[in-house]
Each structure stands twice: as structure tokens, then as C-alpha cells.
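Heads up: the protein sequence lines correspond to chains V and L, in order. Be aware that the first sequence starts at 28, since it is given in the numbering used here, and climbs by one per residue. Be aware that the second sequence starts at 153, since it is given in the numbering used here, and climbs by one per residue. From the three backbone atoms N, C-alpha and C, an ideal C-beta is built for every residue, glycine too.
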Amino acid sequence: MATPQWSKFFPDFYIERLWDKCIKCRRCVSECSYEAHIWDSKKKTLLEDHSKCVGCHRCEAFCPTKALIIKRHPSDFREHALWTPWFIKNIYKQADQGGVLLTSTGCALPYKNYFDHLVLDACQVTNPPIDPLREPMELRTYIGPKPESLEIEEVNGKFRLKKKLPPLIRVEAPILFAAMSYGAISLHVHQGLARAARDLGILYNTGEGGLHASLYEYGPNTIVQCASGRFGLHVDYLNAGVAIEIKIGQGAKPGIGGHLPGEKVTEEISKTRMIPVGSDALSPAPHHDIYSIEDLRGLIFALKEATEYKKLVFVKIAAVHNVAAIASGIVRAGADAVVIDGLKGGTGAAPTMFRDNIGIPIELAISAVDKRLRAEGIRHRTSIIASGGIRCSADVVKAIALGADAVYIGTAALIAVGCTMCQRCFTGKCPWGIATNNPELMKRLPPEVAYEKIYNLVKGWTHEIKEMLGAMGINSIESLKGNRDKLRAVGLTKEEMEILEVKHAGE
Amino acid sequence: MPLELEVFPFHYSQVNKIIRENLKKGEREFILRGVNGHRYLLAGVSADIKVTIYGTPGLDLGAFMRGPVIRVFGNVQDGAGNTMDEGKIVIHGMAGDVVGYAMRGGKIHIYGDVGYRVGIHMKAYMEKIPVLIIGGKAGDFLGEYMAGGVIILLGMHTLYPERPIAGLFLGTGMHGGVIYIRGKIKESQLGLGLKPYPLDGSDEKLLEGYLKEYCEDFGLELSEVLKEDFIKIIPYTHRPYGKLYAY
């Protein structure tokens, strides 16, 4: 007798087929890449395997007669505050297969979300708000180290800077697209991100999977990543963008490396990553040439030297306990921007325990890092780019008021192109054509559609940010940076407020 | 006429700048004298040139480079050939830690010993097969996470006759490529799951080809190098993470 598989007995989702509406067109069968819909050719009818449904809602969205409803499986366990179905089912899975629980996206546990405990200020009576439709409102941001002081000289009655400024990257909004590798997401999404970044005057990030040949033309809007696996990393790649990001850590899985499973290493991926088809692409946890701040400085300057000091070098870390001290070391190592990815940061694949339990919330990390760098007098030497759980433009405003220069958005951009957060990116079977490079599934999301949706999202957010700034009586995002006076806490402890450097509402 | 440069008074950045400027003018051969800890020499240089170095280059010699053939008369510090793409580095001496990290093409020939974490995460793709030959002994973690390419460890020209030919954790996490070792190695020195294998005919032919070039670089007798038997270490799986997860 075969060993029973407990995890198959209790599906997460229930596929409800409304037979009075179903016309047996079998669209659901072709849409579902997980094979939850089955056509019984003998009985000429449709069947469901609820245990295979991941809750992506693809079939429901594309059913021409709207005959499908995907809901949580109504079959319940007896209530227990501690042993919720989440824990029970995870234990079943591991008892069945004996492996590490794998998942996708960012932290799913309901830790306190500090953005939701911060409110913004607005002008009333004594200081007039500014209407962005009527007056210029600047979201332009410069990423990179700023000089300690400016020396100005007069030449023939004209004033000019005595020394040339170090290279800075100009972006038209403080919103950048987070590192998501080609491999983790489809080429079409990469193409959409790249084009949207160009048209919005912002940047997208290649992630660590190399740069597809078709994307080199977006160089001025590209950040290339250098992770421990060094996939597809060569001189042309390093010179392709405006910045190189050394990836040390990631908020979704601090302390471990990444790996693209062999199943996802297709012909095209293999070309870009420069590894054989079907082989696991491992990025070990540490860069094996970096064991200290001095070693990090070694790599930062190797990259700068190799690109003749034309590119900025960012260093990305996960927000962990001692994030402020680590960030200080990174700045002293010569990083032009510190990227901090918080507890809520997303991923295409991470062990569930890591995603949900390791790292600290980004809000606290931003404030702690900003405070530490200011105290040490080195805040101007770097930009802080924050990421991990930025869901709306108000989160962007709050992150900047806490001390960030700009934010990265990853999950939000993917939701913009149709992601329903089913959290199964690691399977490579994304029915929405996002986190897949299966040629058939990819076609479901053409690059033009990806471009349009991503462009629209950021356009909407930038307008909202302008409105919020105007309401505060500020006409430039620069004036918001680290401006905690524009924030008030609602329901936070004294200690939390101290870390965030904010007053309580009413104060 | 090669461009001869006494680099002692210059910062590494200036040295690289001079090389790049002369490269643009068409210079194809460089001789650097007085090298003393200069970091990143030839880093990111993409050109078929010949460079002879006298002295001790610092960190990351030839990092990310594509094409240059560098010959060093002296020892080199850590990180030589870091993520190197194409070209060759010949070292008439010893090399430090993390030589050839994530190297994906070209060759590194070292006459003497190397430090720790050498040849980590080397990878091969299509016709690009990186080759790293060490004439002396190696420290711990040789070929860790190796994904492709060839490492040959001879253990012949060493300052440490009392030490074993390699340290511990050799080939840990290896999932591609091959490591050849002249002589024997204890299984306890190998990474988890790895075993030494005897060579077959195709190995011998390959090895002889690589070693012939190595011997020519240092004026050695191939027959002397081949006097002892070699063993090889290959990965026990190409999918080390294939069965790790529960879904």
C-alpha cells in the first residue's frame, strides 16, 4: 500500500463550478498550468482536483461565462488558536516529503506594520497647501554621494563649482524597480520594466540573472546586479547600466543565498546566465571574496576600477538586527548607495521559515540607518534606498520622511501586471505569465501589456505623492527626506517612536 | 615596442589609466616594473594584449578581464582572476586566497602554492571552459561550489613540504566541472558526498593537453609532471538542491 499523503487530503482552495453557466468550453483546462481542471473525455465532462488549485484565480478570470468561483476550501479543522490550519498543513507537507518548506513573495505573518501606524501632516489655515496642478512640484532625486561642501568661484562674472561633482544618477521619481532576475520573472516582464523605467525617467534592476541581449538598449535606466553566483557577469554587463548593485542579502531570505532550480534554466536563461541548460544556478550565501568590510571595499573598488569610475556601486543588504552598524560599514567601504530590504521584501523563492521569521521591518531599519549615518556625519556620502513591503504611494512618502532617498518596488510592480499573490512563483508555472519562462505561459503577458500596466502604476503614484507633498506645503521631495516632523505615530510605544524619531499624534 | 612603465610611484588607478590610454593608441604590449601591492591591475580590460609584471600585484589582478595575457614574475595577492572572462594569467610564484573566483573562461597557471578558497564557483558555458593549474599546494575549500571548468593541483613546487596537498572541504557543494589531483588525497579532506576516482583515457588526454601548455610556461618537463598518478574529483550530482524542498 502506498503511504498516504496527508497534504493531498485537505486542499487550500475549492473550485466551485456553476453548472448552469458552464458551457464545457474547456478554457479552464487550458488556462490552469497546475492541472486542477480536468477534462474527462469519456464522460464528456469537467472535473476538478482541488488539491492542485493554488488560488491564482486565472480560470475564474478567463471563464467566458463566469461559471467559476475559487474560494478557500470550506472544510474546516476544529478551531484552535495555536494550531491553525497553516501550521497543521505545513507539518503534513513535511511529514509527506521531508523537505524544507518553500514559498514566494514577502513575509505573510501579521507583524506590526509600522507604515499603518504613521500618519502624515497637512497644512491648515496658517500655511497654505500647494496645488501640484498649478505649481511645479519636484520629485526629481539624485542618487549617489553628495560632496561635504561646495566651493564656488567667480569666472568672468559667472559663478561655477570649483570641483566637478562625483557622478550622480538623476531619477524623475524616487521609485525604482527592485531587483528581480530574468529567470525568476519572464523576459516580457523585464522588457516591460525596462521600457517603463525609461519612459518614467527612473531605474529598473536586472537582478542577478544577467542581462538579456534585447535589454542593453535600456542601459541609462538600468542597474545591473553582482551577486555571489556572478551569473552572466562580464565586462559588457558591468558597463551596461548606470549602477552596479552588489547583492549581499535579501529581505525575504536574509543569511542564505539564492538558487534558480534547474527546471527553470531554459535555453534562453542559459544563454543569459551563461550556465548549462537544466543545471541548478546557485548563489551561495556569502560572496566568498567578502568576509569583512575591507573585503567589501575590495569588491566595490574592483567594480569601480573595472568600469573606470563611471558607474555608481550600490550595496544591498537585508535589514537585520544590527542594520545601522552594518550600513555604516558599507558607506565607509565606499558604497554610493545602501539598499536596505526589510522583513516584508519579496522573492521568487525562499524557505518559508526565512520569509516569515528573519529580518526586521523596513520602517525601523530606515530610521535607524538614517539616524546612525547622520550621527556619524556620513549621511551625505550615500543614498538610502529602502524596499520591502511598499504597497502604495503613502508608504513611499512615509519611507522618505523616515530618511530614505528612494524606494524599490517589486511585488507592487508584479501585482500591476496581474499577479494575484498566490505565492507559488517557485514552481515556474505562473498561470499569469509573470514568474515563468515557459514559452507558452509567457505569451499570456506580452511586454507591451506589462509596460503599460507598470507605467500606469508609477504615474498614478507619482501624482499622489505630488498631491501629498502639496498638502504638506512642500514643493520638492528633497524637503521631505528625513523630515519626521511630517509624521505622527498612532498607537506606537515610546521605544518604537524613539527608533522612528517620530512624535505621537496629538503631540 | 612594448610600453615599459616603472609603476612604483603611481596609485593603481593611475597605472590602469595609463594602460587604457595607451591601449586606445594601439599599444598591445606592456611591461610593468616595481609593482608593489597595486590592486586591480588590468581589471575590466577587454583587449588582446600582453602584459609582463615584475613585483607583487595586489588584490584582484585581472578581475573581470577579457583577453589580456598577464605574466607575473613574483607572487600575487588575493583574488587574482576574480570573475575573469577570457585571457591568461601566468604566475611565476605563489598566489593568495580566492584565486579565480567565479572565473568562466581563460587560464590561470600558478607555479607555486595558493591560499584558501581558490577556484570557488568556477563555471563553464559552451566552449568557454576555465582552467586553473596550481603547481604547489592549496588551502581549504579548493573548488567549493564549483559549477564548471577544470582545476589541476600538482603539489610539486611548495614551500610547505610537510603539509597535505590540499586542505579540508575540497569541492564542497561542487555541482559541475572537474578537479584533478596529482598523487593521493584522504577522503576526509573532501566535501560532503565526494569521492576520488581514477582517470580514464579521455581524462588523460585532456590533462596532458593542459599540462603541456603549463610546462611550456614554466620550462618544466611534462614527463616529470606525469610521473605520478592523478585522481579526479567530480560532483556526485548536478542538482544539489533538487530534492531539498517540500511543496
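(request) Leaving aside the five residues before and after R197/V along the sequence, list all residues of the same chain whose C-beta is less than 7 Å from its C-beta, in chain order. (result) Here the question's residue 197/V lines up with position 170 in the first sequence. The residues are R167, Y169.
(request) Inspect the beta-carbon positions of I331/L and G325/L and report whether they are closer than 7 Å. (result) Indexing the second sequence from 1 puts residue 331/L at position 179. Indexing the second sequence from 1 puts residue 325/L at position 173. No, Cβ-Cβ distance for I331/L and G325/L is not below 7 Å.
(request) Please say whether E272/V and I250/V have beta carbons closer to each other than 7 Å? (result) Counted from its first residue, the first sequence places residue 250/V at position 223. Counted from its first residue, the first sequence places residue 272/V at position 245. Yes; because the gap between Cβ atoms is below 7 Å, this pair is in contact.
(message) Let me check understanding here. Comparing Cα to Cα, which of I504/V, E479/V, K480/V lies closest to E491/V?
(response) Translated into the one-based positions of the first sequence, residue 491/V becomes position 464. Measuring from the Cα of E491/V, the nearest candidate turns out to be I504/V.
(request) Give a yes or no on whether the C-beta atoms belonging to I260/L and L284/L are separated by under 7 Å. (result) As a position in the second sequence, residue 260/L is number 108, starting the count at 1. As a position in the second sequence, residue 284/L is number 132, starting the count at 1. Closer than 7 Å, so yes.
(message) Short of 9 Å Cβ to Cβ, which residues in the region 334-355 of chain V face chain L?
(response) T334, E335, Y336
(message) I need the boundaries of the alpha helix (DSSP H) containing S354/L, first residue and last residue.
(response) Reading the second sequence from its first residue, position 202 is the one you call residue 354/L. Where S354/L is concerned, the enclosing alpha helix (DSSP H) stretches over 353-370.
(message) Measuring alpha carbon to alpha carbon, tell me which residue in Y206/L, S340/L, D352/L, G239/L is nearest V187/L.
(response) Your numbering for residue 187/L matches position 35 in the second sequence. Looking at the Cα atoms, Y206/L is the closest of the given residues.
(request) From the DSSP output, read off the bridge partner residues of K402/L. (result) Not covered by the structure: residue 402/L. The range shown for chain L is 153 to 399.
(request) Assign I179/V to one of two classes, buried (16 or more other C-beta atoms within 10 Å of its C-beta) or exposed (fewer than that). (result) For the purposes of this step, residue 179/V is taken as the residue at position 152 of the first sequence. So I179/V ends up on the exposed side.
(request) Output yes or no for whether 7 Å exceeds the beta carbon distance between P172/V and D363/V. (result) In the first sequence, the residue the question calls residue 172/V occupies position 145. In the first sequence, the residue the question calls residue 363/V occupies position 336. Yes; because the gap between Cβ atoms is below 7 Å, this pair is in contact.
(message) With the cut-off set at 7 Å, would you say G271/L and M236/L are in Cβ contact?
(response) Counted from its first residue, the second sequence places residue 271/L at position 119. Counted from its first residue, the second sequence places residue 236/L at position 84. No, these two residues do not count as a Cβ contact at 7 Å.
(request) Closer than 9 Å, Cβ to Cβ, to anything on chain A: give me those residues from the region 204-225 of chain L, in chain order. (result) In the structure shown, chain A does not exist; the protein chains are V and L.
(request) Using only alpha-carbon positions, find the residue among V304/V, R99/V, S414/V, A377/V that is nearest to T132/V. (result) Residue 132/V sits at position 105 when you count from the first residue of the first sequence. Measuring from the Cα of T132/V, the nearest candidate turns out to be A377/V.
(message) Give me, in chain order, the residues of the same chain whose beta-carbon lies closer than 6 Å to that of R225/V; leave out the 5 immediate sequence neighbours on both sides.
(response) By one-based count along the first sequence, residue 225/V stands at place 198. Closer than 6 Å at Cβ, skipping near neighbours: Y245, N248.
(message) Using a 10 Å radius around the Cβ and a threshold of 16 neighbouring Cβ atoms, would you call Y435/V buried or exposed?
(response) Here residue 435/V refers to the residue found at position 408 of the first sequence. Looking at its Cβ environment, which holds 16 or more other Cβ atoms inside 10 Å, Y435/V is buried.
(message) So, for Y164/L: in the same chain, excluding its five sequence neighbours on each side, which residues have a beta-carbon less than 6 Å away from its beta-carbon?
(response) Taking the first residue of the second sequence as 1, we reach residue 164/L at position 12. Same-chain partners within the cutoff: H190, R191, Y192.
(message) If I follow the unbroken alpha helix (DSSP H) through S355/V, where does it start and stop?
(response) Within the first sequence, residue 355/V is the residue found at index 328, counting from 1. 350-359 is the span of the alpha helix (DSSP H), which, as asked, contains S355/V.
(message) For T293/V, which residues in the same chain have their Cβ closer than 6 Å to its Cβ, ignoring the five residues on either side in sequence?
(response) Residue numbering aside, residue 293/V sits at position 266 when the first sequence is read from its first letter. N464, listed in sequence order.
(request) Note down, one range per segment and in chain order, each beta strand (DSSP E) of at least 3 residues found wholly within the region 246-277 of chain L. (result) 259-262
(request) Please name the residue, chosen from A267/V, R85/V, I42/V, that lies closest to S78/V on a Cα-to-Cα basis. (result) Counted from its first residue, the first sequence places residue 78/V at position 51. That would be I42/V, whose Cα lies nearest to the Cα of S78/V.
(request) Give the straight-line distance between the Cα atoms of I304/L and G371/L, rounded to the nearest whole angstrom. (result) Taking the second sequence and counting its residues from 1, one reaches residue 304/L at position 152. Taking the second sequence and counting its residues from 1, one reaches residue 371/L at position 219. Roughly 18 Å between the two C-alpha positions.
(request) From the DSSP output, in three-state form, read off E43/V for me. (result) Here residue 43/V refers to the residue found at position 16 when the first sequence is read from its first residue. Note: E43/V maps to strand in three-state DSSP.
(request) Identify whether D158/V lies in helix, strand or coil by the three-state DSSP scheme. (result) Walking along the first sequence from the start, residue 158/V turns up at place 131. D158/V: coil per DSSP, three-state reduction.
(message) Buried or exposed for T438/V, going by 16 or more other Cβ atoms inside 10 Å?
(response) Mapped onto the first sequence, residue 438/V falls at position 411. In summary, T438/V is buried, with 16 or more beta-carbon neighbours lying within 10 Å of its beta-carbon over all protein chains present.
(message) Rounding to the nearest angstrom, what Cα-Cα distance links I411/V and L192/V in this structure?
(response) Sequence index remark: in the first sequence, residue 411/V carries index 384 (1-based). Sequence index remark: in the first sequence, residue 192/V carries index 165 (1-based). Distance between the alpha carbons of I411/V and L192/V: 19 Å.
(request) Please determine, among A532/V, P473/V, C419/V, the residue with the shortest C-alpha to C-alpha distance to P201/V. (result) Along the first sequence, one-based indexing puts residue 201/V at 174. Per the C-alpha coordinates, the member of A532/V, P473/V, C419/V positioned closest to P201/V is C419/V.
(message) I'd like to know whether the C-beta atoms of N117/V and L109/V end up nearer to each other than 7 Å.
(response) Counting from 1 along the first sequence, the entry for residue 117/V is found at position 90. Counting from 1 along the first sequence, the entry for residue 109/V is found at position 82. No, Cβ-Cβ distance for N117/V and L109/V is not below 7 Å.
(message) Determine, for T324/L, whether the minimum Cβ-Cβ distance to residues of chain V falls below 7 Å.
(response) For the purposes of this step, residue 324/L is identified with residue 172 of the second sequence, where counting begins at 1. Not closer than 7 Å to any Cβ of chain V, the Cβ of T324/L fails to qualify, so no.
(request) Please decide whether V304/V counts as near chain L, where near means a Cβ-Cβ distance under 7 Å. (result) In the first sequence, the residue the question calls residue 304/V occupies position 277. No, V304/V lies away from the interface with chain L (no Cβ there is under 7 Å from its Cβ).
(request) In the DSSP assignment, find the beta strand (DSSP E) that holds K185/V and state where it starts and stops. (result) Here residue 185/V is taken as the residue at index 158 of the first sequence, counted from 1. Run containing K185/V: 185-188, per the beta strand (DSSP E) assignment.
(request) Would you check if there are 3 or more beta carbon pairs closer than 8 Å linking the region 47-64 of chain V to the region 446-464 of chain V? (result) yes
(message) For H261/V and F216/L, I'd like the C-alpha separation in whole angstroms.
(response) The count along the first sequence starts at 1 and reaches residue 261/V at position 234. The count along the second sequence starts at 1 and reaches residue 216/L at position 64. Using only the alpha carbons, I get a separation of about 6 Å.
(request) Measure the Cβ-Cβ separation of D368/V and G416/V and say whether it is below 7 Å. (result) Walking along the first sequence from the start, residue 368/V turns up at place 341. Walking along the first sequence from the start, residue 416/V turns up at place 389. Result no, Cβ atoms of D368/V and G416/V do not sit closer than 7 Å.
(message) Is the separation between the beta-carbon of I286/L and that of I262/L shorter than 7 Å?
(response) Translated into the one-based positions of the second sequence, residue 286/L becomes position 134. Translated into the one-based positions of the second sequence, residue 262/L becomes position 110. The Cβ atoms of I286/L and I262/L sit closer than 7 Å to each other.
(request) With DSSP as the reference, label D342/L as helix, strand or coil. (result) Residue numbering aside, residue 342/L sits at position 190 when the second sequence is read from its first letter. Inspection of the sequence shows that residue 342/L is occupied by Leu rather than by Asp. L342/L: strand per DSSP, three-state reduction.
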